[in-house]
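Structure first, then comments.
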Amino acid sequence: MRSLAIRASAGTGKTFELTLQYIARLAIEHDPGVILATTFTRKAAGEMLDRIVGRLAAAAADTPGSSALHRDIATIVHYDACPSGPQGWADLLMLCCRNLHRVSVSTIDSLFARLLVAFMPDLGYPAMPAMTDDKSPEAAEARIAALERALLDLSAEDARSLFSDLYGGMAVRSVISRTEAFMGALYDLAVSTDPSAWGRMPVSPPIPDADLAQAVETLTDIAESTTSTALRKGLTASVEAARARDWARLLSRGASKNVADAVFATDEPRSDEPVTYSRQRIPEEAVDALVVLCRAAAHQLELQLVQRSCALRRVLDDYARYYADELKRRDILPFTELARMLARHTEVCSPAEIAYRMGLSVRHLLLDEFQDTNRAQWQILSSVFLADDPHGSRASVFCVGDAKQAIYGWRGGVAAIFDALDDAVPDILWEHREQSYRSSQVVLDAVNTVFTGLDRCDALEQYPNVLRAWQTRYRPHSAAYPKPGYVTLVEVSDCHEVGPEESDVETPPDGDPGAGHGTDPEEPPAIRRDARCAWAAERIASLNRAHPGRSIGVLVRTNAAADAMALALQAVGVPASIEGPGNLADDPATQLILSAMLLADHPGSLAEAYHVFRSPLRHALGLQDISFAHRCSVSHRIRRDLSTRGYTAVVAELAHAVSPFGGPRTARRLTRLIEATAQYEDRATTRPADFVRWIRAYTVHDLTDVPVRIMTIHQAKGLQFDIVVAPDLSSRIPAANPLAVEERAREADPPHTVLAYPGEQVRKVSPAARRVHHQQCEREIAEALNVLYVLMTRAAHALYLVVPAPIINKDGSPRKRPFSFEAILRATLAVEKASASSTLYEHGDPGWDPENPARSSAQPADGAALSTVDRVVFGREGRRRHWPEASPSELDATARRSLREMLRLDTTAARQGALLHAWYQAIEWLDMPLPDDDELVRLGLAALPYAEEAWLRQRIPEFRRSLEQEAVRSVFQRPGGLRELWRERSFVVRMDDALIRGRIDRLVVVGSPDGPPKIIVTDFKSDSVTAEAVIERAQHYDAQIRSYALAVSRMLRAPLRNITARLLFVVPGVVHDVAIHEVAAATQEGISCPDS
60 MRSLAIRASA
70 GTGKTFELTL
80 QYIARLAIEH
90 DPGVILATTF
100 TRKAAGEMLD
110 RIVGRLAAAA
120 ADTPGSSALH
130 RDIATIVHYD
140 ACPSGPQGWA
150 DLLMLCCRNL
160 HRVSVSTIDS
170 LFARLLVAFM
180 PDLGYPAMPA
190 MTDDKSPEAA
200 EARIAALERA
210 LLDLSAEDAR
220 SLFSDLYGGM
230 AVRSVISRTE
240 AFMGALYDLA
250 VSTDPSAWGR
260 MPVSPPIPDA
270 DLAQAVETLT
280 DIAESTTSTA
290 LRKGLTASVE
300 AARARDWARL
310 LSRGASKNVA
320 DAVFATDEPR
330 SDEPVTYSRQ
340 RIPEEAVDAL
350 VVLCRAAAHQ
360 LELQLVQRSC
370 ALRRVLDDYA
380 RYYADELKRR
390 DILPFTELAR
400 MLARHTEVCS
410 PAEIAYRMGL
420 SVRHLLLDEF
430 QDTNRAQWQI
440 LSSVFLADDP
450 HGSRASVFCV
460 GDAKQAIYGW
470 RGGVAAIFDA
480 LDDAVPDILW
490 EHREQSYRSS
500 QVVLDAVNTV
510 FTGLDRCDAL
520 EQYPNVLRAW
530 QTRYRPHSAA
540 YPKPGYVTLV
550 EVSDCHEVGP
560 EESDVETPPD
570 GDPGAGHGTD
580 PEEPPAIRRD
590 ARCAWAAERI
600 ASLNRAHPGR
610 SIGVLVRTNA
620 AADAMALALQ
630 AVGVPASIEG
640 PGNLADDPAT
650 QLILSAMLLA
660 DHPGSLAEAY
670 HVFRSPLRHA
680 LGLQDISFAH
690 RCSVSHRIRR
700 DLSTRGYTAV
710 VAELAHAVSP
720 FGGPRTARRL
730 TRLIEATAQY
740 EDRATTRPAD
750 FVRWIRAYTV
760 HDLTDVPVRI
770 MTIHQAKGLQ
780 FDIVVAPDLS
790 SRIPAANPLA
800 VEERAREADP
810 PHTVLAYPGE
820 QVRKVSPAAR
830 RVHHQQCERE
840 IAEALNVLYV
850 LMTRAAHALY
860 LVVPAPIINK
870 DGSPRKRPFS
880 FEAILRATLA
890 VEKASASSTL
900 YEHGDPGWDP
910 ENPARSSAQP
920 ADGAALSTVD
930 RVVFGREGRR
940 RHWPEASPSE
950 LDATARRSLR
960 EMLRLDTTAA
970 RQGALLHAWY
980 QAIEWLDMPL
990 PDDDELVRLG
1000 LAALPYAEEA
1010 WLRQRIPEFR
1020 RSLEQEAVRS
1030 VFQRPGGLRE
1040 LWRERSFVVR
1050 MDDALIRGRI
1060 DRLVVVGSPD
1070 GPPKIIVTDF
1080 KSDSVTAEAV
1090 IERAQHYDAQ
1100 IRSYALAVSR
1110 MLRAPLRNIT
1120 ARLLFVVPGV
1130 VHDVAIHEVA
1140 AATQEGISCP
1150 DS
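The numbering of the sequence shown is our numbering, which starts it at 60 and goes up by one.
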C-alpha cells in the first residue's frame, strides 16, 4: 500500500480514518502482527481498538453493516481485496480476536516499554526497572536529589549567577522545588542538543582602553560645555555608567540609551535623522563617542551571555549525570528517559531481532497525533520500523496530524517533523481534511473569521513568518452536518479598580531572565481578582439549567485558574469536575494534616503549630497551647504513633477528625490521602517531613460524573463539548520569559545555538542575540495560536469567550495590555460596540437548543454511526499462566472485614497478636526454661521493630499470666510419645487450581513408632472475646484452620481422621476444637514446605 499522511483539522474524524486504515491493512495481510498503530494516550489507544473490533462486529452482524464497511474500505484498497458479506467480516473478526496478543494498538510509551523488555540485556538492564511517569513522586524525589547534588558542586559565585538567572533577583519561597521545575525544563533542552551549541554566538571585538578613555573624556568635555541642563545630565549619566563598568545601566539610561536605540537596536541602516535626548539634539561628536561606549557595552554583555550559557550547560550536565545516577539507584525509569535511552541504542533493535523477540514484523505503521511526536520518538520509529529490509522494501506509513493543534512544544513535541515527513518517506501522499463532524457551522464561522483575519492583529505584525505560516496552512472549515449554534465574545468589567502593580496581565521586566517564573504560585491567580470568574460561574449555572444533560467545558490556561473557577462554581451551587492533575495538598484539610506531620518532624515548627492550634485538630492532638513544651509533647506523641501504628493509621485518624468540617471535595481528597499514605508505607522513613514531601508531589484527579468539566486547554485536546466557556483569555503570551532561547536552521532540526535568556539590553546591541530571541518568540507565538485554535474547536454548539473590559487611564485612554488571546479576538472578532453593550461579537441563535434534550447530542468526531455496539467488552481469559494465590484467611467467602480492619486504622490488636505469636513461638515445653524479660523484649523488637521497649515490658506480665491458664498450659505440656514439634512453619499447597500460602503456629506429632501418628494443629488467636462468644467467633476461622489441616495431611501423608485442629483463644483462655471433614476437591499435587 502507498504511504499516506493526512492533515486533519479538528473534528474531521482522525480516529474514524485510523480505524478504516487498520481494517484495510488487516483485510490485505490477514495477520495483525505486521501492523503497528500508536497514539499518545491510553484512552485514545483503547478507543481505536474498540472502534476496530466494533466495526468488524457490526459488519459481521448484518448485511447493512457489512455493506457500509465494504463501501468505506473500498476507498482505500481494491474492491476485490475486501471481504464479501457478513461471513467474510466475521472471519476477519475471528482472526483479530484469536490474535489479540499480537494486535499492536497501543500508546507509544507502551511500545517502547515492550522494546525495553525484549532488549533489556542489550540495553544494560539486568532486570526490568519500575516504569513511572515523569510527575510521579519517585521521579520527583530523584530530580530533587540530583539537583541538590548538582548545587553542592557549584561555587558561591556560580550559584549566585544561576539563581540570578532563574529569579532575576527576586526573593521567592520554595526555592528547591521551583529550581527543580526550572532545571527540569532546561534538562529536556540540554539532553537533546549538542554541548557545543550552548553559547555559540559571535562576540563583537573589544574596545581598547585608550579608545574608551578618549570617548569618556570627549563626553565629559561636551557635557561641561553644553548649555542644555537636560543634555548635560544625560551625558553625565552615560559617563558615570561607563566609568563604573555598569554596561546594562549604560544602555538603559542617559544619552547612551537613545544612541543605542537609534544605532544598534534595529537591523536597518541608521537613518539621517539626528539623535536627540530630552528633545535636545546630541552633537555628532558626542554621538560618535557614545557609539564607542555602546560597542564596549556590546562586547561585555555578549561575553557575559556566552559565559552564562556555557555555565548553565555545565550545571545541566552535572544535573543530568546525577539524575541518571538517582534513577539507577532507585531502580526506576520515567517514560521520557526510556525514549531517550532507546534513541541512543537504535542499532540494537533491528527489525529482524524485533520479529524474533517480539513476534512483530512491521509492514504497516499507523501513527496518530503525529504533530506531537518528539525527536527521540521519531528517531526510534524511523530507525527501527522504517528501515529498508534486505529485500529493499519498507513499511507503509499512515499518519494523521495537524500542525495547527501542535500545543506540546514545551515538552518536546516538534510539529515540523510532520511537515518534513517527505524526507523520511519519499513516496508519501498528502491529503487534507477540513470538514468537521464535531462543530456547528456557526462555531466554524467564528474560527474561520479569527484565523483568516490574523493580519488584522497589530501585535502579530512583528512576526511575519508566523502570519505567513498560518495563512499558508489554514483552510476554511465547514460543517459535515447542519447543527444549530451560538458564539459570543463578551466584555466583563472588573469588580474593582486595578492599579498597575495589580494588573493581571502586567508584563514582567523583560530584562530579567525567567521573569514571570518568580511569581509565587501560592498567590491567588489574577482570575480570582476580577469579575470574570463570577460572571462565568453565573453564566455556566444558567447554561446548565437551560441545557440539562449537555456537556459544558470550562477551559482555562492554567491549573490555578481551574481551581479558581471550581471555587466560583461551588459558590453558585454548580457541581463541577476538575479534570486536570491536582495536588493532595490543595485542600485545607489535607494541608492541616501535613502541618501536623511537620510539627511531628520538628517541634520548632511554630507556623505549623499555630495552624494546628487554630483548627479542629487542636483537640484531637491535645495541643492546649503553642508553647514549646506542648509542641514537644504533641510531636513526640505523633512520632510514637507513626512508629508503632504506621502512617496509614495515624493519617486516617487525623482525617476522621477533620472530615466533618469539609464538603464532598474534602472527603474525596481525604480518601485519596489515605490511599496515597498506604502506598507510602513501604518507603516510609523516620522523618515525617519526607512523607510531607512525598504527598506534595503526589498528583490526583478529582473526577466526578457531572456535565460541567473544568480543565486546561491542553487537557481538553481530543475532547469535545456541547458548550465551551473560556474565561481566561487575557493572560500574557508568553506567560513568562524563557530561561533559555534556541535557534534552528530548520524547525525539524535540533538547535544549533542555545543561549541563556538574553535580556533587553544585550538584545539591543547584539544582532545575534536579537535574532535568536526573535525566533524563540516566533515559536512561542505560533504555539499560542495553536492553543487558541484548540480552544475554539472544542465546541460542538456554543462558544462563550469572556474578556475583561479595558482599564481606563486618567486621561481617558485605555491602558495598553500585552499580547494575549484577548488581543487576537478583539482584533478579529470585535466590532465597534454600542454605548452600553458588553457584547463585542455575536453570531448564531442564543436559543439554539429549544428542546432541552436530556442527553448530549454531539456527533461522534468521526462523523459516522459506527454500529449499534457502543463499546466492545473483551471477556476475561479463562486460563492463567500462573496459579492465583490466596491465604487461608481469604478462603471463607462469607467472612466480612470492616473498613478499619482493611485499612489497618486500628493496629493495636494486630500488634498484640504479632507479639504473642513471637513469644509463644519461643516456648517449646513448659518443663523447659522460659525466656526471661530481656529475651522477651528482644523477641518483641524483632517482631515489631518500631515498638517501644516500655510498651513491650508492659505486655510481659499479661503474657506470663496467660501461661498460668489451664487451657494454655495444656497446649504447652509435653505429651507422651512425642515424635515431632513444629513452631511457626510456613507452607504452600495447591487447592482447586489455586496456591494457598500460610503459616502454622504450632504442630505436635505423637504416637508409637510402629503405629499411625496423631497430629495436633494449634492456631493462636488473640481476639478480645468472652468465653461465651468463643464458639461464634470460631466460625470465622473454620475455613482457615481446615486449610491448615489439609496442608498438614498433604505434607505428612496422613489421613485427615488422624488430625486434630484447634483454636487457642488466649484472652479468655479457651481451647476450641474444629471438626475436620474429608475434602476431596483439591489434589495431592504441588506441596512445598519452605521452612522444612
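C-beta: ideal position from N, C-alpha, C; glycine also. Predicted, not measured: the structure shown is a model, and the values here were computed from it.
Residue from the options whose Cα sits closest to the Cα of residue i
{"i": "His773", "options": "Leu989, Gly183, Arg470", "result": "Arg470"}
{"i": "Val824", "options": "Gly92, Val93, Ser441, Arg354", "result": "Arg354"}
{"i": "Ala711", "options": "Gly906, His689, Glu734, Arg696", "result": "Glu734"}
{"i": "Pro786", "options": "Gln359, Leu847, Cys836, Thr745", "result": "Leu847"}
{"i": "Ser441", "options": "Pro410, Tyr415, Ala462", "result": "Pro410"}
{"i": "Phe880", "options": "His678, Ser789, Ser1108", "result": "Ser789"}
Spatial distance of residue i from residue j (CA atoms)
{"i": "Ala1093", "j": "Asp1069", "result": "35 Å"}
{"i": "Arg101", "j": "Thr134", "result": "29 Å"}
{"i": "Pro793", "j": "Leu386", "result": "32 Å"}
{"i": "Ile769", "j": "Ser636", "result": "6 Å"}
{"i": "Ala1139", "j": "Arg1038", "result": "Summary for Ala1139: the model assigns pLDDT 36, below 50, so the residue's position carries little reliability, and this model does not support an answer."}
{"i": "Met656", "j": "Tyr979", "result": "36 Å"}
{"i": "Pro1034", "j": "Ile1074", "result": "12 Å"}
{"i": "Thr71", "j": "Arg84", "result": "21 Å"}
{"i": "Ala538", "j": "Asp192", "result": "38 Å"}
{"i": "Ala827", "j": "Val162", "result": "51 Å"}
{"i": "Leu352", "j": "Glu806", "result": "37 Å"}
{"i": "Asp427", "j": "Leu844", "result": "21 Å"}
{"i": "Ala38", "j": "Glu801", "result": "Because the chain here runs from 60 to 1151, residue 38 falls outside it and cannot be looked at."}
{"i": "Ala356", "j": "Gly871", "result": "40 Å"}
{"i": "Ser62", "j": "Val164", "result": "19 Å"}
{"i": "Arg497", "j": "Asp168", "result": "28 Å"}
{"i": "Asp376", "j": "Leu210", "result": "12 Å"}
{"i": "Thr78", "j": "Leu488", "result": "19 Å"}
{"i": "Ser287", "j": "Thr295", "result": "12 Å"}
{"i": "Val234", "j": "Ser220", "result": "15 Å"}
{"i": "Leu1115", "j": "Leu115", "result": "55 Å"}
Beta-carbon proximity of residue i to residue j, cut-off 8 Å
{"i": "Arg760", "j": "Glu638", "result": "Checking the sequence, you will find His at residue 760 rather than Arg. Contact flag set, yes."}
{"i": "Val318", "j": "Leu349", "result": "yes"}
{"i": "Arg422", "j": "Glu88", "result": "yes"}
{"i": "Val1129", "j": "Tyr1103", "result": "no"}
{"i": "Cys141", "j": "Ala86", "result": "yes"}
{"i": "Pro543", "j": "His833", "result": "no"}
{"i": "Val262", "j": "Val407", "result": "no"}
{"i": "Ala973", "j": "Leu371", "result": "no"}
{"i": "Ala201", "j": "Ile391", "result": "yes"}
Residue i, buried or exposed, once every other Cβ within 10 Å from all chains shown has been counted against 16
{"i": "Asp622", "result": "buried"}
{"i": "Val564", "result": "The predicted position of Val564 is uncertain, since its pLDDT is 35 and thus under 50; no value can be drawn from it."}
{"i": "Trp306", "result": "buried"}
{"i": "Lys194", "result": "exposed"}
{"i": "Ser68", "result": "buried"}
{"i": "Cys691", "result": "exposed"}
Cutoff 8 Å: residue i Cβ touching any chain B Cβ
{"i": "Arg1020", "result": "The chain labelled as chain B is not found in the depicted structure, where only one protein chain is given."}
Entirely enclosed alpha helix (DSSP H) segments - the stretch 987–1069, minimum 4 residues: 992–1002, 1008–1021, 1025–1031
Which runs of the alpha helix (DSSP H) spanning at least 4 residues fall entirely within the stretch 827–876, listed in chain order? none
List, from N- to C-terminal side, the beta strand (DSSP E) runs of 3 residues or more that fit wholly inside the stretch 755–803. 758–761, 767–771, 780–785, 799–802
Unbroken stretches of the alpha helix (DSSP H), 4 residues or longer, contained in the stretch 143–212: 144–157, 167–177, 196–211
As an exercise, report each continuous alpha helix (DSSP H) stretch of at least 4 residues that is fully enclosed by the stretch 429–488, in chain order. 434–439, 475–478, 480–483
Fully enclosed by the stretch 84–136, which beta strand (DSSP E) runs are 3 residues long or longer? 94–98
For the stretch 223–301, list the alpha helix (DSSP H) runs that are entirely contained and at least 4 residues long, ordered along the chain. 234–250, 268–284
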